[in-house]
DNA sequence: GTCGACATGTAAATTGTTACATGATTTA
DNA sequence: TAAATCATGTAACAATTTACATGTCGAC
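Protein chains in written order, with my numbering: chain C, 173 to 361; chain V, 173 to 361.
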């Protein structure tokens, strides 16, 4: 009966992926709205699109929630958006969310995005915990996929089978990457 | 000045990925709304979410546009959604869209979804064309990524570097899969 | 005789898309 | 000086999320 949806400024709803992508991008240096937009346009961040009609409103709402501030450099009219303490907290909370089966199956992109933004916000230990959880969930999920594949492969139409095999291969690739990443944290170069 | 956006029933706007995913799923047999929802919930299709609040409205809109029809089996109240001729055309048009650089960089998921639905709607030749275009765009994109990696790897922070390497690896995996898929079409098992 | 799965939706709020709009500054 | 890029937005609309609502049917 309690409508937690209602957006009241003192209790903002959880940020969207686009919000997190922006927060992550500006976490260590302020950027202009235009620059943010360009980065999204030219890099893989663009999957969390992209157009002025989404970026500017997102920046407005991040300001409204107190996650970023707009600072105008004296004289020049150039404005830059900087992350606030609250913004950093929100970002960190997201980065530390436990990895779940559901994330592996349907939101692997989000996990990778989280990893990309961990550099300076988490401790080495926290990063390794994240990667190991990621890794073990990937292993479990791969076992599921392989079991299904073994049982059903012959009954699947060709395209279904091939698509499924792509799913397995890309999961395996992420697992291999994960293992490599863990090594690079454990044995400091 | 011409607002092509305006949604008038005789000129429906292009379907969303969720719409295509539904059309693809029911392309060869009718399904109930509930069943569709369940498939989305339990498989990778779930990325194009998912909840009753998106599936049912999507089905309504697909009906409104004449892409699906709801058929109620006599006596039992069970209703099933079937794809129409128009729906098949729309689906096929989407499947045949040329592969573009942008798709590789930001919408690889969509390309894989398209492949998964091609089985009975395209000719062998069309499928191979799709896969070869996919393949050559992947190769070109990989070259770009590798060039950037070689030039910038040392200047990237660790997480940036690793994330980038994941991007390369998963692109390479899709390329390998593509090559395998082409073989399976060219040398009939 | 209750619990869980089947089955189908709706309403409010939010988010994102597409298209338009505007003006400054750089570069060829 | 014209075009491209920098730079920042808004408005209309479409789509999705979250939460609620309702009822049936089979199993235990």
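Note that the Cβ used here is the ideal one computed from N, Cα and C, for glycine as well.
What does the alpha-carbon distance come out to for the pair residue i and residue j?
i, j, result
"residue 290/V", "residue 288/C", "34 Å"
"residue 243/C", "residue 334/V", "32 Å"
"residue 264/C", "residue 183/C", "18 Å"
"residue 292/C", "residue 237/C", "23 Å"
"residue 221/C", "residue 321/C", "34 Å"
"residue 240/C", "residue 259/C", "6 Å"
"residue 245/C", "residue 216/C", "30 Å"
"residue 332/C", "residue 324/V", "39 Å"
"residue 227/C", "residue 234/C", "10 Å"
"residue 298/C", "residue 313/C", "22 Å"
"residue 343/C", "residue 343/V", "12 Å"
"residue 176/C", "residue 349/C", "Model confidence at residue 176/C stands at a pLDDT of 40, short of 50, so the residue's coordinates are unreliable and nothing is read from them."
"residue 336/V", "residue 192/V", "30 Å"
"residue 214/V", "residue 250/C", "48 Å"
"residue 178/V", "residue 225/V", "Only weak support is given to the placement of residue 178/V: the predicted model assigns it a pLDDT of 43, under 50, and the value that follows is read from those uncertain coordinates. Their Cα atoms are separated by approximately 23 Å."
"residue 302/V", "residue 354/V", "10 Å"
"residue 185/V", "residue 270/V", "19 Å"
"residue 359/C", "residue 315/C", "28 Å"
"residue 327/C", "residue 294/V", "21 Å"
"residue 174/C", "residue 232/C", "Unreliable placement is indicated for residue 174/C, whose pLDDT of 26 sits below 50; the coordinate value is still reported in the next sentence. Approximately 27 Å between the Cα atoms of the pair."
"residue 272/C", "residue 223/V", "19 Å"
"residue 362/V", "residue 210/V", "The first residue shown for chain V is 173 and the last is 361, placing residue 362/V beyond what the model contains."
Is the CB-CB distance between residue i and residue j below 8 Å?
i, j, result
"residue 190/V", "residue 230/V", "yes"
"residue 351/C", "residue 341/V", "no"
"residue 276/C", "residue 357/C", "no"
"residue 266/V", "residue 286/V", "yes"
"residue 296/C", "residue 317/C", "no"
"residue 329/C", "residue 262/C", "no"
"residue 268/V", "residue 310/V", "no"
Just to confirm the assignment, what range does the beta strand (DSSP E) spanning residue i have?
i, result
"residue 302/C", "No beta strand (DSSP E) contains residue 302/C, which is instead part of the alpha helix (DSSP H) from 296 to 324."
"residue 244/C", "240 to 244"
Report back the beta-carbon spacing between residue i and residue j to the nearest angstrom; my notes put them in contact at under 8 Å.
i, j, result
"residue 366/C", "residue 208/C", "It is not possible to answer for residue 366/C, since the shown part of chain C is limited to 173 through 361."
"residue 218/V", "residue 212/V", "5 Å"
Residue i lies in the alpha helix (DSSP H); which residues open and close that run?
i, result
"residue 210/V", "205 to 214"
"residue 338/V", "330 to 358"
"residue 264/C", "257 to 267"
"residue 232/V", "224 to 236"
"residue 220/V", "Neither: residue 220/V is in no alpha helix (DSSP H) and is coded neither H nor E."
"residue 194/C", "189 to 197"
"residue 278/V", "273 to 278"
Inspect the CB distances between the stretch 201 to 216 of chain C and the stretch 251 to 259 of chain C and report whether three or more fall short of 8 Å. yes
Determine, using beta-carbon pairs with one atom in the stretch 258 to 276 of chain C and one in the stretch 305 to 312 of chain C, whether at least three such pairs fall under 8 Å. yes
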